[in-house]
Amino acid sequence: LLFGASPSLPREERVGERRPHLSTNPSIHQSPASLRLGFDVAASGQGDLAAFYIDEVAAGQAWLRALLTVRTEDWHFLGCALFCFLEQLPRLYAAGDESGLGRQICWEAANQFHGRFQKVNFTSKKQDLGFTLMNQLSVAEKRFPRNQPDIASDFFALRKAFSGTKWLFTEGRNSLNPLSHCDIAWAAALATYAETERPCEFGAAVALETCWFDGKDYHPYPSGPSPLVG
Numbered sequence: 002l003l004f005g006a007s008p009s010l011p012r013e014e015r016v017g018e019r020r021p022h023l024s025t026n027p028s029i030h031q032s033p034a035s036l037r038l039g040f041d042v043a044a045s046g047q048g049d050l051a052a053f054y055i056d057e058v059a060a061g062q063a064w065l066r067a068l069l070t071v072r073t074e075d076w077h078f079l080g081c082a083l084f085c086f087l088e089q090l091p092r093l094y095a096a097g098d099e100s101g102l103g104r105q106i107c108w109e110a111a112n113q114f115h116g117r118f119q120k121v122n123f124t125s126k127k128q129d130l131g132f133t134l135m136n137q138l139s140v141a142e143k144r145f146p147r148n149q150p151d152i153a154s155d156f157f158a159l160r161k162a163f164s165g166t167k168w169l170f171t172e173g174r175n176s177l178n179p180l181s182h183c184d185i186a187w188a189a190a191l192a193t194y195a196e197t198e199r200p201c202e203f204g205a206a207v208a209l210e211t212c213w214f215d216g217k218d219y220h221p222y223p224s225g226p227s228p229l230v231g
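Start counting the sequence shown at 2; every next residue gets the next number (the working numbering).
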């Protein structure tokens, strides 16, 4: 399900809480593969786009499954949209740009969805994000619909230049979507970060003679003592 860039609505037209609905694309709910979201923040209502980029990761490739871009000054809407994705898609892991304007939204998301949302200091990670994204594109691990040329144009607008002792990434012009200053591309890079830097998950249990303990509760064995204890 692809969403295009949306202009900011006049305040009098923004009545109540506007929440995105994902029911028009049931496959994204039912997918057995994992989903990764990148959130590039912007909320001036005049400049860059805020972008939510969702990949489905399967067989070593990341396929674009949903894209929401919006040009707005409505911080409440951006927060509602992010929380909606995290609440409705339990297999989703996400990463967002916490530098500058996104600090509050990302802080709230990281606290409410601990282990599923990562705050990223975009300023310090920009070089790594850029290289990882370009490597993915070069080996066709980042896939997106051919009938959406403005997305490809956003990736091609990224510029890499060597300055002094390091490489710098800058944003060129997306001729097919002038509102985006590589906002879609950076959201895609953050979706990749959500996959490559996802926290490891592990669990442990203790086997006792008549039950096992998971750290919170004791669970009796169905019949007899544990074969592991003797």
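Built from N, CA and C at the ideal position, the CB exists for glycine as well.
Only a predicted model underlies this, so the values are computations on that prediction, with no experimental measurement involved.
Next on the checklist: Per DSSP, what are the beta-bridge partners of Thr70 in this structure?
Outcome noted: Within the sequence shown, residue 70 is the residue found at index 69, counting from 1. For Thr70, DSSP records a beta bridge to Ala52.
Checklist entry - Is it the case that the Cβ atoms of Ala192 and Asp155 are separated by a distance below 8 angstroms? => result Counting from one through the sequence shown, the residue named residue 192 turns up at place 191. Counting from one through the sequence shown, the residue named residue 155 turns up at place 154. Going by C-beta atoms, Ala192 is not nearer than 8 angstroms to Asp155.
Checklist entry - Between which two residues does the beta strand (DSSP E) containing Ser35 stretch? => result Locating residue 35 in the sequence shown gives position 34, where the first residue counts as 1. From DSSP, the beta strand (DSSP E) with Ser35 extends over Ser35 to Asp41.
Next on the checklist: Going by DSSP in three states, Leu306 sits in which element: helix, strand or coil?
Outcome noted: The requested residue 306 does not occur in the structure, where the chain is confined to residues 2 to 231.
Checklist entry - Cα separation between Gln105 and Leu130? => result Taking the sequence shown and counting its residues from 1, the one referred to as residue 105 is at position 104. Taking the sequence shown and counting its residues from 1, the one referred to as residue 130 is at position 129. Answer to the nearest angstrom: the Cα atoms are 22 angstroms apart.
Next on the checklist: Let me make sure I understand the geometry here. Which of Ser35, Leu36 and Leu69 has the alpha-carbon closest to that of Asp243?
Outcome noted: Since the first and last residues shown for the chain are 2 and 231, residue 243 lies out of range.
Checklist entry - Mind checking Phe163: buried by the 16 CB within 10 Å criterion, or exposed? => result Your numbering for residue 163 matches position 162 in the sequence shown. With fewer than 16 other Cβ atoms within 10 Å, it is exposed.
Item to check | Ala63 - DSSP class collapsed to helix/strand/coil | outcome: Reading the sequence shown from its first residue, position 62 is the one you call residue 63. The answer is strand: DSSP assigns Ala63 an E or B state.
Next on the checklist: Tell me the residue span of the alpha helix (DSSP H) that contains Ser125.
Outcome noted: Your numbering for residue 125 matches position 124 in the sequence shown. First-last of the alpha helix (DSSP H) with Ser125: Phe123 to Ser139.
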